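Visitor:
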Amino acid sequence: MALIFIRTTIIFITLLILMRLMGKSQIGEMQPFEFVISLLIAELACIPMADTSIPILYGIIAIITIFILHQLVWLLTLWFKPVRAVVSGKPSVVINKNGIDEFQLKKNNLDVSDLIENMRTAGYFNLDDVYYGLYEANGSFSALEKPEKAGYSLPLLLIDRGKTDSQNLTRCGFDKERLQSFLKEQNARIRDVVVMTINGEGRIYFQKRGEKYKIFNTEVNGNW
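Residue 4 is where the sequence shown starts when you use the numbering used here, and the numbers rise one by one after that.
(1) With which residues is ARG164 paired in a DSSP beta bridge?
(2) Which stretch, first to last residue, makes up the alpha helix (DSSP H) that contains GLU120?
(3) Taking C-alpha atoms, which residue in LEU157, ILE193 and PHE144 lies nearest to ALA168?
(4) Would the stretch 152–166 and the stretch 204–215 be scored as touching if the rule is three or more Cβ pairs under 8 Å?
(5) Using the DSSP secondary-structure output, state which residues sit across from ILE218 in a beta bridge.
(6) Counting only the same chain and skipping the five closest in sequence on each side, list residues whose C-beta sits under 6 Å from that of PHE219.
(7) For the stretch 65–113, which segments carrying the alpha helix (DSSP H) assignment without a break, of at least 4 residues, lie completely within its bounds, in sequence order?
(8) Assign PRO51 to one of two classes, buried (16 or more other C-beta atoms within 10 Å of its C-beta) or exposed (fewer than that).
(9) If I'm right that ILE69 touches ILE40 with Cβ under 8 Å, what's the distance once you round it to whole angstroms?
(10) Three Cβ pairs or more, each shorter than 8 Å: is that satisfied between the stretch 133–149 and the stretch 168–184?
(11) Just how far apart, CA to CA, sit THR17 and ASN141?
(12) If I follow the unbroken beta strand (DSSP E) through THR200, where does it start and stop?
(13) Using beta-carbon positions only, say whether PRO158 and ILE103 come within less than 8 Å of one another.
(14) Does the separation of the CB atoms of VAL197 and GLU105 fall below 8 Å?
(15) Let me know if SER28 comes out buried or exposed under the rule of 16 or more other beta-carbons within 10 Å of its beta-carbon.
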């Protein structure tokens, strides 16, 4: 028992020193390669702590090796910008002046509901509350917000990349007949729609594939 305690203490001190040497990004927003390194270090640290048959020196050497590789990758990304793009990735602009960039969403394995959720986390409840929205290389969402927010009611997602949300349609009193009528006016089919939302004030955000988003106002019967 005492041996495990001593081994764990040594590994803990080693990890503490190395994590401090790796810099603040290791304890903040991590780049993809830093996340992988953190997982490897955690795994390598557990083995010598739990298995006393493995010399503790093996674990320390493995952890230090990972640290050295981290520093080498960091230097390469600092000196050569193309390497940084390959290792860490590049920011993706998912909202621009025309609305949602569907290609960038697909590229990042996201759908509109994911985007809306991340926007709400960042404090934006309407898709047109921002001029530009982007996902940074570390996965965090950033935006250039507009001076005034678009309304003070929570929008419901009615169409997400060609698929309707029947529950939200019922909630806002927007039945299928009314939806089809609206789409007919816009010369669009459901599968042609990137996104359609509506808030409690009847404000519709509508974007057809390949076109700039449009804003409409209508009456709503629901209450949310």
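Even for Gly, the Cβ is constructed at its ideal location relative to N, Cα and C.
All values derive from a computational prediction rather than experimental measurement.
Guide: Inspection of the coordinates gives the following:
(1) The sequence position of residue 164 within the sequence shown is 161, counting from 1. According to DSSP, which records beta bridges pairwise, ARG164 is partnered with nothing at all.
(2) Counted from its first residue, the sequence shown places residue 120 at position 117. Element bounds for GLU120: 115–125.
(3) Here residue 168 refers to the residue found at position 165 when the sequence shown is read from its first residue. The sequence shown places Asp at residue 168, not Ala. Considering only alpha carbons, the answer is ILE193.
(4) Yes, the stretch 152–166 touches the stretch 204–215.
(5) The residue you call residue 218 lines up with position 215 of the sequence shown. ILE218 is bridged to TYR208.
(6) Residue numbering aside, residue 219 sits at position 216 when the sequence shown is read from its first letter. Contacts found: ILE207.
(7) 84–91 and 105–110
(8) Locating residue 51 in the sequence shown gives position 48, counting from the first residue. Looking at its Cβ environment, which holds 16 or more other Cβ atoms inside 10 Å, PRO51 is buried.
(9) On the sequence shown, residue 69 is found 66 positions in, with the first residue counted as 1. On the sequence shown, residue 40 is found 37 positions in, with the first residue counted as 1. At roughly 6 Å, the Cβ-Cβ gap stays under 8 Å, so ILE69 and ILE40 are in contact.
(10) no
(11) Residue numbering aside, residue 17 sits at position 14 when the sequence shown is read from its first letter. Residue numbering aside, residue 141 sits at position 138 when the sequence shown is read from its first letter. Looking at the two C-alpha atoms, the distance is approximately 26 Å.
(12) On the sequence shown, residue 200 is found 197 positions in, with the first residue counted as 1. From DSSP, the beta strand (DSSP E) with THR200 extends over 196–201.
(13) The residue labelled residue 158 in the question sits at position 155 within the sequence shown. The residue labelled residue 103 in the question sits at position 100 within the sequence shown. Contact: no.
(14) Position 194 of the sequence shown, counted from the first residue, corresponds to residue 197. Position 102 of the sequence shown, counted from the first residue, corresponds to residue 105. In this structure, GLU105 lies closer than 8 Å to VAL197 by Cβ.
(15) For this step, residue 28 is matched to residue 25 along the sequence shown. For SER28, the predicted structure reports a pLDDT of 47, less than 50, and the residue's modelled location is therefore unreliable. A value from the coordinates is still provided. Exposed is the call here.
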